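Under full-length UniProt numbering, the residue at position 19 of the sequence shown is numbered 19, and the numbers go up by one with no gaps.
Glycine residues also receive a C-beta, built at the ideal position from the N, C-alpha and C atoms.
Given the structure is predicted, the values throughout are model-derived calculations rather than measurements.
Below: one structure, written as structure tokens.
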Amino acid sequence: MPVPSHYWIINVRIPDCFIDSAIREQNLESNLSTTLQRDRLFPCHLEISDGQILQLVPDFQDSQIPITNLPIVDAKQGIIIPCFVDLHTHLDKGHLWERNPNLDGTFQGALQAVHRDCAEQRNWNYDDLYRRMEFGLKCSYAHGTKAIRTHLDCPPHQIKTSFQIFRELREKWKGKVSLQAVSLVQLAYFETQEGEQFADMIADIGGIMGGTVRMSPDLDRYLDRIFTLAKERNLCLDFHADENDNPESRTLHHIAETALKHGFSSQIVCGHCCSLAVQDEETAKETIALVKQAGIGIVSLPMCNLYLQDRVAERTPRWRGVTLVRELDAAGVSVALSSDNCRDPFYGFGDHDMLQVFSMGTKICHLDTPYDNWIESVTSRPAALMGLSDIGKISIGQPADLVLFKARSYSELLSRPQSDRIVIRNGVAIDTTLPDYSELDDLL
Ligand SMILES: [Zn+2]
């Protein structure tokens, strides 16, 4: 890739959901190949100048490559998309696998291992946490991600350090990765004396209020409390909901009901929602309708769900663990896919590569029949749910923050890891070298 500030990228294919409808309609009059039609890819050329997209010229069979004396990059029909957005991560737990692995691979095993690492051994000091969290950011950035929301475990002894590091990293990575933080606590914590003060601390860092929601006789009271605190401070909400296979687990339903009751107008995101997939159709349908009505966004974590759900010793898993992504999408709910945990007790693998998330998500949830506009689930949809609506379009005047692949169709895209992808930020190809694992050696 050249470094000039003004150049063309010719012969690219853009998923048409990222293009203005006025330009997209020209598509209808052209004779596109079956692959382009099936994958909804729009052939065009892009002019980049001073970090922005200056022109988008459709490339139909009778059209010419722009005549120019500017430098040209020939993408050879490769797919180009806006940078990724990762709506649900746990940067604070990342990369502690070797130190405290989850050897039985269960959800309980994960909780215990993290508790051991964070609360018993008190490993999450400033240096440890800063370096592990930044390692995750380096991976994300190199893979082509532009914005990340991380949940932060908030046992009382940890809050100050975690919030301080979050602030520092958000500042340091500004312009590269937009960073958001959500509190991760049991909802009951907001009922304690410290609860209100904690809500103020979240507001103070510009964070999002959240926690793990579990079925309990007190659930509606807990929800009332957190919704009230969030409303008073004008904060968004983000919950871990129904991360289990129990059909009786219907916290998503309770969250949607509470949102409607409070007339809550800030964005709510619910993650996991696995149990929705094991409920009878009628029950699930009713919840989905409420979720739609309440304007709640759903983030599915397909890799982590595949790993933790239905794990029983010496038995082969029978279900994939994911929520009803297709049914939610069909009902008009905004559905995103995200990384979740990364080489920690909740997921022993991962590298914050959103292409891998999309690839795995497509295969786990059958999003290939058809691909439709599911690529939005790792780009524009999570961006909108994070309030970053300027991210996720490829249009004139937008920053040239793009990921270019050699793959010319979704089948090619999702068959290789695409490690040779080109990540363009403000018009310039960045160094996509991943951080070396040895950077963390002395923390283990
Ligand atoms: Zn999570």
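Identity of the residue in the options nearest residue i by Cα
i, options, result
"R421", "R214, D280, E25 and I80", "I80"
"G206", "E171, R225 and M215", "E171"
"G392", "A110, L41, P82 and T35", "P82"
"I148", "K176, P345, I375 and Q267", "K176"
"A75", "V403, R416, P435 and S438", "V403"
"I364", "L414, D390, M133 and R99", "L414"
"G297", "F239, V278, G350 and M354", "F239"
"L324", "R311, V299, T228 and V312", "V299"
"G332", "R221, D310 and N373", "N373"
"I268", "V322, A277, G321 and G210", "G210"
"M303", "F349, L137 and R99", "F349"
"P101", "Y347, L355 and R326", "Y347"
"S409", "R381, P43 and H262", "P43"
"P15", "K138, T35 and Q55", "T35"
"C274", "D442, Q309, E439 and Y371", "Q309"
"A294", "Y371, H253 and F84", "H253"
"C154", "R122, L179, L169 and S140", "R122"
"W319", "N305, L219 and W173", "N305"
"D431", "A230, E120 and S140", "S140"
"P217", "L235, T192, K285 and L187", "L187"
"L103", "F405, Y307, K285 and D128", "Y307"
Sub-7 angstroms separation of residue i and residue j beta-carbons
i, j, result
"V357", "L388", "no"
"A203", "R233", "yes"
"D344", "W97", "yes"
"I396", "I53", "yes"
"R24", "L41", "no"
"H90", "H45", "no"
"T251", "D242", "yes"
"D50", "S162", "no"
"F198", "I226", "no"
"L301", "D340", "yes"
"H95", "R38", "no"
"P435", "F135", "yes"
"P247", "Q279", "yes"
"S377", "V335", "yes"
"residue 469", "I48", "Here the chain has residues from 1 to 444 only, and residue 469 is not among them."
"Q418", "L328", "no"
"T362", "D353", "no"
"P4", "P71", "yes"
"G321", "H88", "no"
"R99", "L444", "yes"
"I424", "F18", "no"
"R416", "T106", "no"
"K174", "D401", "no"
"L237", "A230", "yes"
Sheet register partners of residue i (DSSP bridge)
i, result
"S49", "H6 and Q52"
"D153", "L184"
"R425", "V428"
"residue 482", "The structure shown does not extend to residue 482, since the chain is modelled only from 1 through 444, so no value can be given for it."
"R58", "The question names Arg, yet the displayed sequence has Pro at residue 58. Per DSSP, C44."
"V335", "I298"
"C274", "Looking at the DSSP assignment, C274 forms no beta bridge with any residue, so it has no partner."
"M209", "L237"
"D340", "T89"
"L179", "I148"
Residue i - DSSP class collapsed to helix/strand/coil
i, result
"D128", "helix"
"Y347", "strand"
"R402", "According to the sequence shown, residue 402 is Leu rather than Arg. Strand, per DSSP."
"M215", "coil"
"D200", "helix"
"K138", "helix"
"A259", "helix"
"P82", "strand"
"L229", "helix"
"H115", "helix"
"F166", "helix"
"H143", "helix"
"D224", "helix"
"I148", "strand"
"A75", "strand"
"S377", "helix"
"I268", "strand"
"S21", "helix"
"R326", "helix"
"Q293", "helix"
"L70", "coil"
"K393", "coil"
"T283", "helix"
Proximity test, residue i beta-carbon vs ligand 2 heavy atom, cut-off 6 angstroms
i, result
"A256", "Only ligand 1 can be found as ligands here, which leaves ligand 2 out of the picture."
Min CB distance residue i to chain D below 7 angstroms
i, result
"A256", "Included in the structure is just one protein chain, with no chain D present."
Give every residue whose Cβ lies closer than 6 angstroms to any heavy atom of ligand 1, listed in chain order.
H88, H90, H151, H240, G271 and D340
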